[in-house]
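Asker: Provided herewith is a single structure, encoded as structure tokens, for subsequent inquiry.
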Amino acid sequence: MRSELLDEAVTVRADFQGGVVTPLAFRRRGREHRVVRVNARWIDRVPRHPHFFFSVTDESGDTYQLQLQGGDLLWWLDAVMLET
Amino acid sequence: MRSRPLAAPDGAHPALRPSRANPTAPAPAVKGAASGRESEESRSGAEAGAGTAGMPEASGSARPGDVCVAPEPPLLASPERVVLHVDIDAFFAAIEQRLDPRLAGRPVIVGAGVIASCSYEARRFGLRAGMRLSEARQRCPEVVILAGHAQTYRCFAENIFGLCRTFSPAVETYLDEAYCDLTGTARLHGDALGAAARLKREILGATGLTVTCGVGPNRMLAKLIGKTVKPDGLAEIAASEAEEFLTSRAVDQLAGVGHAHARTLRSMNVHTIGEMRALPADVLAALFGAPGRLLYERCRGRDTAPVHEREIPVSISRETSFHRDTAERAEIDGMLEYLASRACRTMRELGVVARTVAVRLRYSDNEGAERERTLPAADDADPAVIEAARALLGALFTRRVALHAVGLVLSNFVPAGATQGALFEEREAGRRAALYRAFDRVRGAYGHGVLVSGRALHLKGRLEEDAHGFRLRTPSLTK
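Chains as they are written, first to last, in our numbering: chain A, 570 to 653; chain B, 1216 to 1694.
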């Protein structure tokens, strides 16, 4: 098991209800990945604007790390976890 | 009374299973029995001391030649204090299992070279922190080895410590554990055990991680009782239970007794904390120096160390191993400068200045070297620290062997502004401080890697970067 860095800006469909951000799906290379599970969420408060991180599993069972940057509200696909 | 590993109070989360009793703990003592034991203890201590170290002079009505023992304070810790120890179970490995559900239930270890953290599934195979990865693979071929995500672990820890602060006005934090002073919070939070159970639930809900909580009359006992119910346990020990709880425990379980002290004690046929009580304070001081007197108190269940946010850390260190062992001077210098600038930035954020700089090296043949230097004046600016670090590196890196890891440690701190400034360089010092404050703001906003100087530029393009700076192979942060 290892994580491969992707560092790609992605389009994410997310739910902001109740003041909680929950990614629902993201589009990568023209394909939409539906999020079936948010495994973990954490916040990095060291930068001036907080960065919100999510570990998500898509419908194919792959696990990705998404990041929402609090300052510019840009979504990044940080990494994918791979079975080795 | 024995340690009171308790079932979770009413309404506790299912994860809070009843704490397991300490199998070696004796039955609860009758109230008041402690004082009787204590006088016995004092007598045996006096007898032991009479033959070894000089006892106090006889006074009052004592006859010449009598051994007079000063009345010892009660063998119990102060009953007023309530300290909660929170320990995150298998911290790094547990987070990795949260991040990727495919790892749940599998033996997982985090580390590079040696194990930094291993899941409880891995521990069943005999894997332990500090063990070499090669040995871990032999013992458990199916183990999943991960390099780790230091920044992610820090975020989780800060979240947990933030929850601790909602329960306690004073929280002292370490990498994966915290001490919370719950003294005087009973009217706010109810009894300490109930508060600890609620804190466990909140941590589980917010992070998905389990913690082990120990409640005691002081830090030492709170941590020790927690250890008996790991993982995901909850236990409390009262002051009156301290003596019996400690008596049968091995000496190396006592805070401050490491491998070397334990070896010394065992060579004297002192194996348990109870046996250690027979040694007078003077003997322990002769054996271990000033900490010996502290151990004299601790083996009696007394620990008066307060719980406080450490405003001034003992040390700030930044270390990493190289992606491959190297003897290339430019790479080593660049990494050391980068680590120094990271440590200096942390120092400035904490508002302290360091008097001492140390450099640590680890060669590829596992040989280590470390040397420290005192700065002419306490400083928090990068150039002063980097200059000292480079001089130390020049003096240390003498073998014709590649380096595996390098590290820098700042210590001997004083609050910034508490040092005497130079009479004629005040203006220059002010300009320099403003410059580095500006650097820190830029780095805070855009990542540390956005501003690197000097030899650290060598790392640009060679190492991957993220919002925090260069991605190091095995970043290790220590307060």
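Think of the CB as a built atom: it goes at the ideal place given N, C-alpha and C, for glycine as much as any other residue. Quantities reported herein were computed from a predicted structural model and do not represent experimental measurements.
Would you mind telling me which residues of chain B sit closer than 9 Å to Arg603/A, beta carbon to beta carbon, in chain order?
Answerer: As a working note, residue 603/A is residue 34 in the first sequence. Under a criterion of Cβ atoms nearer than 9 Å, no residue of chain B is adjacent to Arg603/A; the nearest Cβ is some 16 Å distant.
Asker: So with CB distances below 8 Å, who are the chain A contacts of Asn1374/B?
Answerer: Along the second sequence, read from residue 1 onward, the residue named residue 1374/B stands at position 159. What Asn1374/B touches in chain A: Trp611, Ile612.
Asker: Does chain A have any CB closer than 8 Å to the CB of Asp1497/B?
Answerer: Reading the second sequence from its first residue, position 282 is the one you call residue 1497/B. No, its Cβ sits nowhere closer than 8 Å to a Cβ of chain A.
Asker: How is Asp1597/B classed by DSSP in three states: helix, strand or coil?
Answerer: Here residue 1597/B refers to the residue found at position 382 when the second sequence is read from its first residue. In this structure, Asp1597/B counts as helix in the three-state DSSP scheme.
Asker: Can you list, in chain order, the residues of its chain whose CB lies under 7 Å from that of Met1491/B, leaving out five sequence neighbours each side?
Answerer: Within the second sequence, residue 1491/B is the residue found at index 276, counting from 1. The residues are Val1466, Leu1480, Val1485, Cys1514.
Asker: Looking at C-beta atoms only, is the number of pairs between the region 1619 to 1629 of chain B and the region 1555 to 1567 of chain B that lie closer than 8 Å three or more?
Answerer: yes
Asker: By how many angstroms is the C-alpha of Met1435/B removed from the C-alpha of Gly1326/B?
Answerer: Locating residue 1326/B in the second sequence gives position 111, counting from the first residue. Locating residue 1435/B in the second sequence gives position 220, counting from the first residue. Between Gly1326/B and Met1435/B, the C-alpha separation is close to 28 Å.
Asker: Can you pull the chain B residues whose beta carbon is under 7 Å from the beta carbon of Arg617/A, in chain order?
Answerer: One-based indexing of the first sequence puts residue 617/A at position 48. Those are Gly1659, Ala1660, listed as they occur along chain B.
Asker: Taking the alpha-carbon positions, what's the Ala1555/B to Arg1533/B distance?
Answerer: Mapped onto the second sequence, residue 1555/B falls at position 340. Mapped onto the second sequence, residue 1533/B falls at position 318. Taking the straight line joining both Cα atoms gives about 8 Å.
Asker: Taking C-beta to C-beta, are Gly617/A and Gly587/A nearer than 8 Å?
Answerer: Here residue 617/A corresponds to residue number 48 of the first sequence, with the count starting at 1. Here residue 587/A corresponds to residue number 18 of the first sequence, with the count starting at 1. Note on identity: in this sequence residue 617/A is Arg, with Gly being the wrong assignment. No, the Cβ-Cβ distance between Arg617/A and Gly587/A is not below 8 Å.
Asker: Leu1342/B and Ala1351/B - do their beta-carbons sit closer together than 8 Å?
Answerer: In the second sequence, the residue the question calls residue 1351/B occupies position 136. In the second sequence, the residue the question calls residue 1342/B occupies position 127. For Ala1351/B and Leu1342/B, yes; Cβs fall inside 8 Å.
Asker: So, under 8 Å CB-CB, Cys1428/B and Ala1411/B are touching, yes? Tell me the CB distance rounded to an integer number of Å.
Answerer: Along the second sequence, read from residue 1 onward, the residue named residue 1428/B stands at position 213. Along the second sequence, read from residue 1 onward, the residue named residue 1411/B stands at position 196. So it is a contact: roughly 4 Å between Cβ atoms.
Asker: If you draw a straight line from the C-alpha of Val1323/B to the C-alpha of Leu1314/B, how long is it?
Answerer: Sequence index remark: in the second sequence, residue 1323/B carries index 108 (1-based). Sequence index remark: in the second sequence, residue 1314/B carries index 99 (1-based). Roughly 12 Å separates the two Cα atoms.
Asker: Which residues in the same chain as Asp1518/B place their Cβ atom closer than 8 Å to its Cβ, once the five residues preceding and following it in sequence are excluded?
Answerer: Counting from one through the second sequence, the residue named residue 1518/B turns up at place 303. Same-chain partners within the cutoff: Ala1292, Asn1433, Arg1434, Met1435, Leu1436, Ala1470, Glu1512.
Asker: Tell me the residue span of the alpha helix (DSSP H) that contains Gly1622/B.
Answerer: Position 407 of the second sequence, counted from the first residue, corresponds to residue 1622/B. Taken as a continuous stretch (DSSP letters only), Gly1622/B belongs to no alpha helix (DSSP H), being part of the beta strand (DSSP E) at 1618 to 1630.
Asker: When you compare the CB of Leu574/A with every CB in chain B, is at least one pair closer than 8 Å?
Answerer: Residue mapping note: residue 574/A aligns to position 5 of the first sequence, counting from 1. Output row for Leu574/A: interface = yes.
Asker: Suppose the cutoff is 6 Å on Cβ atoms and the five residues either side in sequence are ignored; what does the same chain contact list for Arg1575/B look like?
Answerer: On the second sequence, position 360 is the one that residue 1575/B refers to. Closer than 6 Å at Cβ, skipping near neighbours: Glu1585, Gly1622.
Asker: How should Met1562/B be labelled, buried or exposed, when 16 other C-beta atoms within 10 angstroms of its C-beta is the threshold for buried?
Answerer: As a position in the second sequence, residue 1562/B is number 347, starting the count at 1. Result: buried.
Asker: Relative to chain B, which residues along the region 623 to 635 of chain A have a C-beta separation below 9 Å, given in chain order?
Answerer: Ser624, Thr626, Gly630, Thr632, Gln634
Asker: Helix, strand or coil: which one does DSSP assign to Leu1672/B?
Answerer: Here residue 1672/B corresponds to residue number 457 of the second sequence, with the count starting at 1. Three-state result, Leu1672/B: helix.
Asker: Hey, does Asp1447/B have any beta-carbon neighbour from chain A nearer than 8 Å?
Answerer: Indexing the second sequence from 1 puts residue 1447/B at position 232. For Asp1447/B, the answer is no, since every Cβ of chain A falls outside 8 Å of its Cβ.
Asker: Can you say whether Gly1504/B is buried or exposed, counting buried as having 16 or more other CB atoms within 10 angstroms of its CB?
Answerer: Here residue 1504/B is taken as the residue at index 289 of the second sequence, counted from 1. With fewer than 16 Cβ atoms within 10 Å of its Cβ, Gly1504/B is classed as exposed.
Asker: Please confirm whether Glu1524/B and Thr1398/B have their CB atoms less than 8 Å apart.
Answerer: In the second sequence, counting from the first residue as 1, residue 1524/B sits at position 309. In the second sequence, counting from the first residue as 1, residue 1398/B sits at position 183. Not a contact, by the Cβ cut-off of 8 Å.
Asker: Can you name, in chain order, every residue of its own chain whose Cβ lies under 6 Å from the Cβ of Thr1381/B, other than the five neighbours on each side?
Answerer: Residue mapping note: residue 1381/B aligns to position 166 of the second sequence, counting from 1. Cβ contact annotation for Thr1381/B (same chain, cutoff 6 Å, sequence separation greater than five): none.
Asker: State the start and end residues of the unbroken alpha helix (DSSP H) segment that holds Gly1507/B.
Answerer: The residue labelled residue 1507/B in the question sits at position 292 within the second sequence. Start and end: 1505 to 1513.
Asker: Contact defined as beta carbons within less than 8 Å: I believe Val1426/B pairs with Asp1302/B. What is the distance between those atoms, to the nearest angstrom?
Answerer: For this step, residue 1426/B is matched to residue 211 along the second sequence. For this step, residue 1302/B is matched to residue 87 along the second sequence. Going by Cβ atoms, the distance from Val1426/B to Asp1302/B rounds to 6 Å, so yes, they are a contact pair.
Asker: Based on Cα-Cα distance, which residue from Ser1383/B, Arg1615/B, Leu1611/B lies nearest to His1404/B?
Answerer: As a first step, residue 1404/B is located in the second sequence; it is residue number 189 there, counting from the start. Among Ser1383/B, Arg1615/B, Leu1611/B, the Cα nearest to that of His1404/B belongs to Ser1383/B.
Asker: So for His620/A, helix, strand or coil by DSSP?
Answerer: As a position in the first sequence, residue 620/A is number 51, starting the count at 1. In the three-state scheme derived from DSSP, where H, G and I count as helix and E and B as strand, His620/A is classed as strand.
Asker: For the alpha helix (DSSP H) that contains Glu1459/B, what are its first and last residues?
Answerer: Position 244 of the second sequence, counting from 1, holds the residue named residue 1459/B. From DSSP, the alpha helix (DSSP H) with Glu1459/B extends over 1457 to 1462.
Asker: Which chain A residues sit within Cβ distance under 7 Å of Ser1388/B?
Answerer: Locating residue 1388/B in the second sequence gives position 173, where the first residue counts as 1. The sequence as given places Thr at residue 1388/B; Ser does not occur at that position. Neighbours of Thr1388/B on chain A: none; closest Cβ ~15 Å, over 7 Å.
Asker: Buried or exposed for Lys1675/B, please, with buried defined as at least 16 other CB atoms from any protein chain shown within 10 angstroms of its CB.
Answerer: For the purposes of this step, residue 1675/B is identified with residue 460 of the second sequence, where counting begins at 1. With fewer than 16 Cβ atoms within 10 Å of its Cβ, Lys1675/B is classed as exposed.
Asker: Could you check the C-alpha separation between Asp627/A and Phe1306/B for me, to the nearest Å?
Answerer: Locating residue 627/A in the first sequence gives position 58, counting from the first residue. Locating residue 1306/B in the second sequence gives position 91, counting from the first residue. Approximately 26 Å, taken between the alpha carbons.
Asker: Considering only their Cβ atoms, is the gap separating Tyr1368/B from His1300/B smaller than 8 Å?
Answerer: Working through the second sequence from its first residue, we reach residue 1300/B at position 85. Working through the second sequence from its first residue, we reach residue 1368/B at position 153. In this structure, Tyr1368/B does not lie closer than 8 Å to His1300/B by Cβ.
Asker: Give a yes or no on whether the minimum CB-CB distance between Thr1367/B and chain A is below 8 Å.
Answerer: Within the second sequence, the letter at position 152 stands for residue 1367/B. Output row for Thr1367/B: interface = yes.
Asker: Using three-state DSSP, classify Asn659/A as helix, strand or coil.
Answerer: The question about residue 659/A has no answer here: the residues shown for chain A are numbered 570 through 653.
Asker: Is Ala1477/B helix, strand or coil by DSSP?
Answerer: In the second sequence, residue 1477/B corresponds to position 262, counting from 1. Looking at Ala1477/B - three-state DSSP - the assignment turns out to be helix.
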